[in-house]
Amino acid sequence: MTLKLYMHPLSSFCHKVLVALYENGTSFESVIVDFSNSDSRAAFFEKSPMGKMPVLQDVESNVILPESSIIIEYINIHHPVHCGLLPQDAGEQLQVRLWDRFFDLYIHQPMQRIVGERLRPEGSLDPHGVSEAHATIDKAYGVLEQHLADRQWVASPTFSMADCAAVPALFYGSIVHPFNDDLRNTRDYFERLVSRHSVKRVIDEARPYFQYFPYRETMPPRFLQG
Ligand SMILES: N[C@@H](CCC(=O)N[C@@H](CS)C(=O)NCC(=O)O)C(=O)O
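Per the UniProt record's numbering, residue 1 is the first one in the sequence shown, and the count goes up by one each step.
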């Protein structure tokens, strides 16, 4: 198999790339990284010096790439099957990249900050950082709600890389910072996302691992039970 994805089924940034791979119909081998296993960890750090997943390895062309957005762009260029995750038009591409950044920076990373707090030892808690993260997500949900008023997908007429970025940001984001009743467009958009085959498949594959998610007690039963 020419493409290997180093990943973990619970990892939110891996979900973003998995959605893209399933949407595109790309064949790949997944290699599960286990940070608790020293051999798996050491082998992974050789490929990803920052220790962040996902990482894509293209064995045939000897390319190793971290960063979810860059991996999706690489697949779009070098392994297109059904791809359309980045539109042809340069102006539309910018919109896709803009909204991809929006989800990663203003919802996904603050969500990680909130989840990470539950993994910190007693003396290292940072409630101020957590409340800043909640405030950032709150602001971002407001911006998204307005933007989605007349759109089916967030950045282009068809499902794009920006929607791939939206999936884990809103999936885990809605658990740690639920949508309030005013966010109708955002709720409807989220339902459109989770009803796609690619997204259902990612959630199905993650389900056995949801028991390890620090906020599992607030996960909606429909995702826990399938
Ligand atoms: N900017 C990176 C973020 C990747 C990232 O934060 N990955 C998390 C898993 S969702 C990770 O590897 N965390 C391990 C760690 O920080 O030790 C991307 O887009 O791929």
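Here a beta-carbon is modelled for each residue, glycine too, at the ideal position from N, C-alpha and C.
Residue i CB to nearest heavy atom of ligand 1 below 7 Å
| i | result |
| --- | --- |
| residue 161 | no |
| residue 200 | no |
| residue 52 | yes |
| residue 66 | yes |
| residue 13 | yes |
| residue 69 | yes |
| residue 34 | no |
| residue 100 | no |
| residue 104 | yes |
Residue i and residue j closer than 8 Å at C-beta
| i | j | result |
| --- | --- | --- |
| residue 213 | residue 165 | no |
| residue 9 | residue 206 | yes |
| residue 170 | residue 148 | no |
| residue 58 | residue 3 | yes |
| residue 23 | residue 85 | yes |
| residue 15 | residue 202 | yes |
Supposed close pair residue i, residue j - CB separation, criterion 8 Å
| i | j | result |
| --- | --- | --- |
| residue 12 | residue 189 | Between residue 189 and residue 12 the Cβ distance is about 18 Å, and since that is not below 8 Å, they are no contact. |
| residue 27 | residue 1 | 7 Å |
Residue i Cβ short of 7 Å to ligand 3 heavy atom set
| i | result |
| --- | --- |
| residue 164 | For ligand 3, the structure offers nothing, since it holds only ligand 1. |
Per-residue burial, residue i [other beta carbons within 10 Å of its own, 16 or more giving buried]
| i | result |
| --- | --- |
| residue 90 | exposed |
| residue 73 | buried |
| residue 182 | exposed |
| residue 62 | exposed |
| residue 50 | exposed |
*Which full runs of the alpha helix (DSSP H) of 4+ residues lie inside the UniProt domain "GST C-terminal" (89–212), going along the chain?*
90–103, 109–117, 127–147, 161–176, 184–194 and 197–206
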